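Engineer: Attaching a single structure in structure tokens format; questions to follow.
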Amino acid sequence: MTNLTDLGVAALRDGFRKGDFSAREVADAFNAAVASAKALNAFIVDTPDHAIAAAEAADRARASGEFAALSGVPLGIKDLFCTAGVQTTAASHILEGFTPTYESTVTAKLFAAGAGMLGKLNMDQFAMGSSNETSAFGNVVSPWRRSDGGNAPLAPGGSSGGSSAAVAARIAPGATGTDTGGSIRQPAAFTGISGIKPTYGRCSRWGIVAFASSLDQAGPMARDVRDCAILLEAMSGFDPKDSTSLDVSVPRWEAGLSGDLTGKRIGIPKEYRVEGMPSEIEALWDKGIAFMRDAGAEIVEVSLPHTRYALPAYYIIAPAEASSNLARYDGVRYGLRDLPDGGNLADMYSATRADGFGKEVRRRILIGTYVLSAGYYDAYYTKAQQVRTLIARDFEQAWQSCDLLLTPTAPSAAFALGEKTADPLAMYLNDVFTVPASLAGLPAMSVPAGLDGQGLPLGLQLIGRPLDEQGVLNAGLAIEERAGFSARPGQWW
Amino acid sequence: MTTETASSYRIQGATGEWEVVIGLEVHAQITSNAKLFSGASTAFGAEPNTQVSLVDAAMPGMLPVLNKECIRQAVRTGLALGAEINRVSRFDRKNYFYADLPQGYQISQLYHPLVGEGSIPIEPDAKDGPGEAKLVGVERIHVEQDAGKLMHDQHPTRSYVDLNRSGVALMEIVSRPDMRSPAEAGAYLRKLRSILRYVGSCDGNMEQGSMRADVNVSVRRPGEPFGTRTETKNVNSVRFVMAAIEQEANRQVDVLEAGGRVVQETRLYDPDRGEGRSMRSKEDAHDYRYFPDPDLLPLELSEAFIAECEASLPELPDDKRARYEGPLGLPAYNAAVITADVETARWFEALLDATGKPETMAKAASNWLISDLFGALNRLGKGIGESPVSPAQGAELLNLVADGTLSGTLAKQVFEIMLETGDDPSKIVEERGLKQTSDTGAIEAIIAQVMEANADKVAEYRGGKDKLFGFFVGQTMKAMGGKANPAVVNELLKKALG
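Each protein sequence line maps, in turn, to chains A and B.
According to my numbering, the stretch in the first sequence is residues 1 to 493, in order.
According to my numbering, the stretch in the second sequence is residues 1001 to 1498, in order.
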């Protein structure tokens, strides 16, 4: 029998259906893999019982011939998703010990589709970070190592770094992620897996700890495009509890998968050829262009003239929203409370929030508070919103001449842990290619397309029109079919 | 000191006259079963923290979903004030930290309110001092969440929080600074309250806090530009609003005349002491960092929705009053009193309907309601909603008077018994034999007895002392136990006395 943890979502689902193995065997295999991979620090909480219960339910249902979309598939859940009865912390000390009484819409949908939960995945604190180093529970370590033999521990990307590491290390066949400015795509690229951020509003935000409401979107991270399509189908759908949720039907993306891009026009945005881009990234991009042509697509150069303002605008809008969204962590009702002796309410707020939030979270709350304050609002927040409108217009204009955009996902391969922590701006630059699609609310995906000179994975990003996840997935599949990416990290943990 | 001229209110300072400029921001709790952004109940007086949803408690990952009924009520209110309804409005977050504010922000509407310019016609009550009948401008109405409530009296060293009110929908109705006296402010509040209750968008209950006012006051020399204003927060009765204005305006005059300047600040009014005090000045005012709430889409209203709101409006107090005075022919005073509150107007209309002859009975019914019923309710300390006599019973009583079954005096007796027993007037009349008699034979017999017993008075009357006629009427009525038809008595007496 094959090693069950080598299988992805589709293979597990199909093998379970065919009777090749039981769901319980799958759950046991992944639970064991999770338990043996502590060195990665991918999970904050393990929930083997949850996975087993779902598996046993799936096995019972199978006995009477009933299958749900994800029967027999255990998943890792990013700790930003509230899970009923299971601690949910957003990787922050301020929520340590907080156990929701409610289940986020996305996880509820996944569980209703038969999936079980292996555990709550580590992440950057409140999803703020690009390397997983802002977690209050210690950083995740990427399963990948450079081929130089230096064995420097590498960043799994962020903020969904626990998700990317777990999938890449084959300790989870798939995972949920969330993406505010690239938090699914960049870690996917860093770890050689696929991840898609759908159109803003496809997945309900209800029950996901908020970072920046107008940007946050959930999405799947998995080994390949098909697995992403399967998971996204289960995660998506209108939710009346989220006012920004889109009331549109969920296409059958898996059934619609096709790597044939005949008739498609792929735009190459010239502004993404940034100065100082590593030649390996440029070469990868060119390879991607060749794949697209080979799949039958026409290549067109397009211009997104306001691209260079996207990152600054993002780092105003996201912190502004975060500064307000995170005001509820005040020590009054749940989570950490730190009340100094003889202190008053204001003292409690200060102590609780100073102690409970990590440095990066505090930095963003301060930035957000500053840009919203009287006298600065117009110069920062209003201006950033105007930029956001221009960015969206850039994309709309691009869609006149192309159907999809192809870009690199990140400006580099995974960097070493600690390499960028001293320089927040260098860290923020990691989001330069992913942020524009977030600002415009567009579906975007990263697929692995090759390795750099050090043997580390590199990803290509596909950006589509609103609601054209199918186009994005299909182009991703075209790359996947041609890149033949089969590298996987050697097991050192 | 205040100089009372015919219509203008002036504060007489040591250096001359001062005019007062008043604007009101009224917070009115919207009548709805559920909160503005959550499904939790809004009933008043529930046990603390029993009407709190996950959204109201601002649990992680919770999102607001707009309750359309609250918007409908606010739009209906705007239409009742003849105001512009904004087809697109937005919700903003007003950020500040306080233990009664779970989200750390209040969802409100700063930049794009739901309702724009409207107006309210006022008629100040002369009893409240000088004031002019005028149109007071309403600048805007926006919709926002209420906060929870801190309780400091539950524990010696701790404060408790009750989140039942957290998230309840409020309308903030902002007037123009168009009022110039306490009486005008009082009239504005009463009129606004009346309209809200007619529309049904707010119960107007100031004691329970479902309506409260922030009072903006400044003073100036007549004709000069506006002075610096202060804002007195959360005043919860019409009387206190008027008292707070008078107190604050006089304080400002004292400050200015002493060579000082009025500081823009937020104040509190203590009705027990009749004084105001400073809460915080502009310098340490919060920076609320308003920005559009990214959890909510812009609110777009369709023409059909607005038309439906318009069609659902009842007859409003001014229209009703005009109809009562005009087609219905009520005295102006009666029309004003009855239409002032929707509950009274509804009671009156139910009463009229129950008589079966609304056109002919209107005046008598209005008189009875204002004098007899209100008198009795006052005595009993009850509101009209708790009247022991129903409109149908009142109508029956009025009809018994109209058809001559009861005299006015008998009717009053029957009404007293109705108040005590709750019985129908017909039953009382039947059981207690209180029916008025028009039996001429019986009356003539009594008249004969009365004349016989008072032969001297008869002689005096016949000698020209006309005034004695009333004496004979009284004696006859008394002898008949008040049950004789006074008209018949008059007629027969005239005949008998010659």
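The beta carbon of each residue, even a glycine, is placed where N, CA and C say it ideally should be.
Owing to the predicted nature of the structure, the values given are computational and were not obtained by experimental measurement.
Taking only beta-carbon atoms, is L1256 of chain B less than 9 angstroms away from chain A?
Structural biologist: So, not an interface residue.
Engineer: Is there a Cβ of chain B sitting closer than 9 angstroms to that of K241 of chain A, yes or no?
Structural biologist: Yes, contact with chain B.
Engineer: From the DSSP output, read off the bridge partner residues of R265 of chain A.
Structural biologist: Answer by DSSP bridge pairing, in chain order: A:E298.
Engineer: Run through the region 1210-1263 of chain B for me and flag every whole alpha helix (DSSP H) of 4 or more residues, listed as ranges in chain order.
Structural biologist: Listed in chain order, they are 1238-1257.
Engineer: Please confirm whether L110 of chain A has its beta-carbon closer than 9 angstroms to some beta-carbon of chain B.
Structural biologist: No, L110 of chain A does not count as interfacial toward chain B.
Engineer: R1093 of chain B touches chain A at which residues, Cβ-Cβ below 7 angstroms?
Structural biologist: Those are S324, listed as they occur along chain A.
Engineer: With H, G and I counted as helix, E and B as strand and the rest as coil, what does DSSP make of P1358 of chain B?
Structural biologist: P1358 of chain B: helix per DSSP, three-state reduction.
Engineer: Is there contact here, the region 175-194 of chain A with the region 268-285 of chain A, by at least three beta-carbon pairs under 8 angstroms?
Structural biologist: Touching, no, given that fewer than three Cβ pairs across the two stretches are closer than 8 angstroms.
Engineer: When you compare each of B:G1013, B:V1488, B:K1495 to N1250 of chain B by their alpha carbons, which one comes out closest?
Structural biologist: Nearest of B:G1013, B:V1488, B:K1495 to N1250 of chain B, Cα basis: B:G1013.
Engineer: Would you say R328 of chain A lies against chain B (beta-carbon separation less than 9 angstroms)?
Structural biologist: Output row for R328 of chain A: interface = yes.
Engineer: Distance check for I171 of chain A and D224 of chain A, CA to CA, integer angstroms please.
Structural biologist: Rounded to the nearest angstrom, the two C-alpha atoms are 15 angstroms apart.
Engineer: What are the residues in the region 210-223 of chain A lying within 8 angstroms of chain B by C-beta distance?
Structural biologist: Listed by position, the residues of the region 210-223 of chain A near chain B (Cβ gap below 8 angstroms) are A210, A212, S213, S214.
Engineer: Cβ closer than 9 angstroms: which chain A residues qualify as neighbours of F1097 of chain B?
Structural biologist: Within 9 angstroms Cβ-Cβ: A327, D330, L345, A346, Y349.
Engineer: To the nearest angstrom, how far is the alpha carbon of T5 of chain A from that of P489 of chain A?
Structural biologist: For T5 of chain A and P489 of chain A, the distance between alpha carbons rounds to 14 angstroms.
Engineer: Give me the subset of the region 432-464 of chain A whose CB atoms are less than 8 angstroms from a CB atom of chain B, sorted by chain position.
Structural biologist: Answer set for the region 432-464 of chain A: empty.
Engineer: According to DSSP, simplified to helix, strand and coil, what is G1385 of chain B?
Structural biologist: Of the three classes helix, strand and coil, the one that applies to G1385 of chain B here is helix, per DSSP.
Engineer: Show which residues of chain A have a CB atom less than 8 angstroms away from the CB atom of A1058 of chain B.
Structural biologist: The contacting residues are R328, R333.
Engineer: Could you tell me which chain A residues have their CB closer than 9 angstroms to the CB of V1161 of chain B, listed as they occur along the chain?
Structural biologist: Chain A residues near V1161 of chain B: V332, R333.
Engineer: To be precise: take each residue of the region 92-117 of chain A, compare its Cβ to all Cβ atoms of chain B, and keep it if any distance is under 9 angstroms. Which residues remain?
Structural biologist: Listed by position, the residues of the region 92-117 of chain A near chain B (Cβ gap below 9 angstroms) are L95, F98, P100, T101, Y102, S104.
Engineer: Between R205 of chain A and chain B, is the shortest Cβ-Cβ distance under 9 angstroms, so that the two count as touching?
Structural biologist: Cβ-Cβ to chain B under 9 angstroms: yes for R205 of chain A.
Engineer: Okay, do the region 195-213 of chain A and the region 1061-1081 of chain B touch, 3+ Cβ pairs below 8 angstroms being the bar?
Structural biologist: Yes, the region 195-213 of chain A touches the region 1061-1081 of chain B.
Engineer: So, with DSSP's three-state summary, where would you put L1316 of chain B?
Structural biologist: In the structure shown, L1316 of chain B sits in coil (DSSP, three-state: anything other than H, G, I, E or B).
Engineer: Count the other CB atoms, across all protein chains shown, that sit within 10 Å of the CB of T1232 of chain B; report buried if there are 16 or more and exposed otherwise.
Structural biologist: T1232 of chain B should be labelled buried.
Engineer: Please name the residue in A:G201, A:T199, A:P173 whose C-alpha comes closest to that of I193 of chain A.
Structural biologist: That would be A:P173, whose Cα lies nearest to the Cα of I193 of chain A.
Engineer: Is there a C-beta anywhere in chain A that falls below 9 angstroms from the one on A1082 of chain B?
Structural biologist: Looking at the sequence itself, residue 1082 of chain B is Gly, so the reference to Ala does not match. For G1082 of chain B, the answer is no, since every Cβ of chain A falls outside 9 angstroms of its Cβ.
Engineer: Give the residues of chain A in contact with D1514 of chain B, contact being defined as C-beta atoms less than 7 angstroms apart.
Structural biologist: For residue 1514 of chain B there is no data in the structure shown, the boundaries of chain B being 1001 and 1498.
Engineer: By alpha-carbon positions, which one of A:D46, A:F485, A:V300, A:A108 ends up nearest to A33 of chain A?
Structural biologist: For the residues A:D46, A:F485, A:V300, A:A108, the minimum Cα distance to A33 of chain A belongs to A:D46.
Engineer: Note down, one range per segment and in chain order, each alpha helix (DSSP H) of at least 4 residues found wholly within the region 20-73 of chain A.
Structural biologist: As far as the region 20-73 of chain A is concerned, its whole alpha helix (DSSP H) runs of at least 4 residues are 23-35, 48-63.
Engineer: What does the Cβ neighbour count give for E944 of chain B, buried or exposed, with the cut at 16 atoms within 10 Å?
Structural biologist: Outside the shown range of chain B (1001 to 1498) lies residue 944 of chain B, about which nothing can therefore be said.
Engineer: Is the Cβ-Cβ distance between P436 of chain A and D468 of chain A less than 9 angstroms?
Structural biologist: Taking 9 angstroms as the Cβ cut-off, P436 of chain A and D468 of chain A do not qualify as a contacting pair.
Engineer: Who are the near neighbours of A53 of chain A in its chain, counting only those whose CB is closer than 8 angstroms to its CB and skipping five residues on each side?
Structural biologist: Excluding positions up to five away in sequence, the list reads G116.
Engineer: Report buried or exposed for V300 of chain A, applying the criterion of at least 16 other Cβ atoms within 10 angstroms of its Cβ.
Structural biologist: The residue in question, V300 of chain A, is exposed, as its Cβ has fewer than 16 Cβ neighbours within 10 Å.
Engineer: Can you pull the chain A residues whose beta carbon is under 7 angstroms from the beta carbon of S1088 of chain B, in chain order?
Structural biologist: What sits at residue 1088 of chain B in the sequence shown is Val, not Ser. Near V1088 of chain B there are no residues of chain A at all, since even the closest Cβ is about 15 angstroms away, more than 7 angstroms.
Engineer: Please name the residue, chosen from A:T434, A:L12, A:L345, A:A384, that lies closest to F67 of chain A on a Cα-to-Cα basis.
Structural biologist: Cα-wise, what sits closest to F67 of chain A is A:L12.
Engineer: Show which residues of chain B have a CB atom less than 8 angstroms away from the CB atom of A320 of chain A.
Structural biologist: Within 8 angstroms Cβ-Cβ: F1291.
Engineer: Taking buried to mean at least 16 other C-beta atoms within 10 Å of its own C-beta, is D286 of chain A buried or exposed?
Structural biologist: It is exposed - the Cβ of D286 of chain A has fewer than 16 other Cβ atoms within 10 Å.
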